[in-house]
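For the sequence shown, my numbering begins at 1121 and goes up steadily by one.
Don't be surprised by glycine CBs; every beta carbon is placed ideally from N, CA and C.
One structure is given below, encoded as structure tokens.
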Amino acid sequence: MTSRLPAAAASGRDRPNAVGPPRFRRLANEIEARITDGRYPVDTALPSETALAREFGVARSTVRQALEELESERMLLSQRGARWYAHEPTRPQSLSVLRSFGQWALAAGLEPTGRTVRLSRGRATSLEARELGLHRLDPVLRIVRVRALGERPVMVKRTTFPEWLAAIIEELPLDVRSIMEVVEDKHGVWLAHAEHRIQAVSAGSLDSRLLRLPRTAPLLQVIRTARAADGRAFEYSDDRYVASAVAFSVVNTAGGHTMRDGDAVRHRL
């Protein structure tokens, strides 16, 4: 059975000077609509390029152009071998204002959840000591948590906390939605400053298992060092996001203007 694409506004619709979108873009719009309404489920393979070309009555090159548009411009697809897989739309998260995963998710109308999978005390490494303003071998608490949006795991969070927070965090339920929510509401500690470093990494064994991804799947890594309003080190964290789940935005200003300490916005983790 052949499906029909929405008609172009005029003849010559695939030419650059045609009125209305070219055929490949109309095909991309149709595939996007099918991903959005669930006809092409997220994390499953689309029909083959040949099958799509046959269904829509277009050349395979038109199908390939539409799929590449969805991959590069809209980030709704990724290619694994010869097959294309559907993704949920990426959700922008700004780093220009200090905002946590939980607060960002709630503001976007999503339901954030958390689950602690590892928790142990130890001694600060040289890196942890430098980031947290501690001495090497000072006592610290390390935890690994999986953050999800609804039922979908989207981030593995590895965090090192200084000793002054260890006892508070150890008492929390493993499925607490927000560590900072408890620390803030019950202990009066506000997060006020953070530095972020972002890079692309590949999923390791633990990441792939917790995020239900193939090993070496692309992840977006955000390294964060955060401090409380009173200046004490709060956390050093390594957050690894499913690449298709989130996009980060940063606003820069000319002349090196930065937010003053007194302008820091209070947010929850």
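Shortest alpha-carbon distance to Arg1256 belongs to which of Leu1247, Leu1340 and Leu1326? Reading the sequence shown from its first residue, position 136 is the one you call residue 1256. Closest by alpha carbon: Leu1247.
Can you name, in chain order, every residue of its own chain whose Cβ lies under 6 Å from the Cβ of Leu1252, other than the five neighbours on each side? Start at 1 with the first residue of the sequence shown, and residue 1252 comes out as number 132. Closer than 6 Å at the Cβ level, and outside the excluded window around Leu1252, lie Pro1282, Ala1353 and Tyr1356.
Where DSSP assigns a beta bridge to Leu1197, which residues make up the other side? Working through the sequence shown from its first residue, we reach residue 1197 at position 77. Answer by DSSP bridge pairing, in chain order: Ala1206.
Which whole-angstrom value is the C-beta distance of Leu1190 and Glu1152, which I expect to be below 8 Å? Stepping through the sequence shown from its first residue, residue 1190 is reached at position 70. Stepping through the sequence shown from its first residue, residue 1152 is reached at position 32. Confirmed, about 6 Å.
Give the C-beta separation of Ala1165 and Tyr1205 to the nearest angstrom, bearing in mind that I take them to be a contact with Cβ-Cβ under 8 Å. Taking the first residue of the sequence shown as position 1, residue 1165 is located at position 45. Taking the first residue of the sequence shown as position 1, residue 1205 is located at position 85. That belief holds up - the Cβ atoms of Ala1165 and Tyr1205 are roughly 6 Å apart, short of 8 Å.
Given a cut-off of 8 Å, decide if Leu1311 and Ala1346 are closer than it, judged by their beta-carbon atoms. Against the sequence shown, residue 1346 aligns to sequence position 226. Against the sequence shown, residue 1311 aligns to sequence position 191. In contact: Ala1346 and Leu1311 (Cβ atoms closer than 8 Å).
Could you tell me which residues DSSP puts in a beta bridge with Leu1421? Since the first residue shown for the chain is 1121 and the last is 1389, residue 1421 is missing from the structure and cannot be characterised.
So what's Asp1327 in DSSP terms, helix, strand or just coil? Within the sequence shown, the letter at position 207 stands for residue 1327. Asp1327 falls in the helix class under three-state DSSP.
Among Gly1351, Ala1349, Gly1324 and Ala1348, nearest to Tyr1399 - alpha-carbon criterion: A question about residue 1399 goes unanswered here, because the residues of the chain that appear run from 1121 up to 1389.
Of the listed residues Leu1187, Gln1199, Ala1287 and Gly1270, nearest to Gly1229 (C-alpha basis): The sequence position of residue 1229 within the sequence shown is 109, counting from 1. Closest in C-alpha terms to Gly1229, from the list Leu1187, Gln1199, Ala1287 and Gly1270, comes Gly1270.
Test item: CB-CB of Leu1326 and Ala1286 under 8 Å: Residue mapping note: residue 1326 aligns to position 206 of the sequence shown, counting from 1. Residue mapping note: residue 1286 aligns to position 166 of the sequence shown, counting from 1. Between Leu1326 and Ala1286, the C-beta spacing is not below 8 Å.
At which residues does the beta strand (DSSP E) containing Glu1355 begin and terminate? To locate residue 1355, count along the sequence shown from 1; it is residue 235. Where Glu1355 is concerned, the enclosing beta strand (DSSP E) stretches over Ala1353 to Val1362.
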